[in-house]
Amino acid sequence: MRILFINNYDSFVYNLVNYICQLQPDAEIIVEDNNIAVDKVKEMKVDKIIISPGPGHPKYDTGTVIPLIKEFCSKIPILGICLGHQAIIEAFGEDKNIEYVGRAKVGPMHGKESKVFHDQETILKDVPNPLQVIRYHSLSAKSDILPQDLKISATADDGTIMGVRHKQFPVEGLQFHPESIKMKPHGMKILKNFLEL
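Just remember that this note's numbering sits 1 ahead of the position in the sequence shown, which is counted from 1.
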């Protein structure tokens, strides 16, 4: 298995890479920054794409991530975490003049725990419901204008969208951080479920 890992420069990116190495010790993991060319990814012939957390706004600070999502969503399973999740939401937005991700109504959530209620499907299968998660974000999906191609897969106890799933393609987004040490072993189970898509 070849896994492309898009680095959005979060402080704990390599925790995610380490978890993937533990789950798939024989996999080839390719780490690239978020400005990788779409044509280069085509040449790589990868089996999965993981888009990391990071700082900034998904529409303006993720390099080529949104074009990559659009190009590969129907061909390769994609998992976006935090900023990667937000980039998935922006990628499927129909109106280029609208930001589908904005300031979280609950304010910044850095290192705060929340209960997340989810649909128990695909990557959230066999994971406790509700699930205690750690949140590190200032932005979140705007629930009133979620792109039509996506459905909500998880919601925090304060109403914030914590997960989205494409209605047709194997594309998943998580606002929370499965790589957080407090998420073990459930974060590992979520990542394992993704690798099995």
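Using N, Cα and C, we set each Cβ at its ideal position, and we do this for glycine too.
On the premise that residue j lies in contact with residue i, defined as a C-beta separation below 8 Å, what is that separation, rounded to the nearest angstrom?
i: Val102; j: His58; result: 7 Å
i: Val32; j: Asn8; result: 6 Å
i: Gln164; j: His111; result: Sequence check: residue 164 is Gly here, not Gln. Not really, about 19 Å apart at Cβ, beyond 8 Å.
i: Tyr15; j: Leu192; result: With 8 Å as the limit, Tyr15 and Leu192 do not qualify as a contact, their Cβ atoms being about 14 Å apart.
Less than 8 Å separating the Cβ of residue i from some heavy atom of the ligand NAP?
i: Lys126; result: The ligand content of the structure shown is nil, which means the ligand NAP is not present either.
Suppose you measure from the CA of residue i to the CA of residue j; what does that come to, to the nearest Å?
i: Phe73; j: Gly174; result: 15 Å
i: Ser144; j: Thr161; result: 8 Å
i: Ile90; j: Gln149; result: 10 Å
i: Phe184; j: Lys97; result: Checking the displayed sequence, the identity of residue 184 turns out to be Met instead of Phe. Straight-line Cα distance between these residues: approximately 35 Å.
i: Ala142; j: Lys60; result: 12 Å
Considering Cα atoms alone, identify which of the options is closest to residue i.
i: Met45; options: Gly55, Ile52, Glu29 and Ser53; result: Glu29
i: Leu140; options: Ala88, Phe195, Leu80 and Asn130; result: Ala88
i: Ser12; options: Met189, Ile191, Ala105 and Ser181; result: Ser181
i: Arg104; options: Leu84, Ile153 and Phe93; result: Leu84
i: Lys152; options: Tyr61, His86 and Gly55; result: His86
i: His187; options: Leu147, Ile67, Ala155 and Lys126; result: Lys126
i: Phe93; options: Asn194, Ile70, Pro54 and Lys190; result: Ile70
i: Asp158; options: Gly64, Lys49, Pro56 and Asn130; result: Asn130
i: Ile4; options: Gln176, Thr63 and Ile77; result: Ile77
i: Leu80; options: Pro54, Gly64, Glu95 and Thr65; result: Pro54
i: Asp62; options: Ala142, Phe6 and Asp34; result: Asp34
i: Tyr137; options: Gln23, Pro179 and Gln25; result: Pro179
Let's test the definition: count the other Cβ atoms within 10 Å of the Cβ of residue i and tell me whether it reaches 16, buried, or not, exposed.
i: Asn36; result: exposed
i: Ile99; result: exposed
i: Lys190; result: buried
i: Ala155; result: buried
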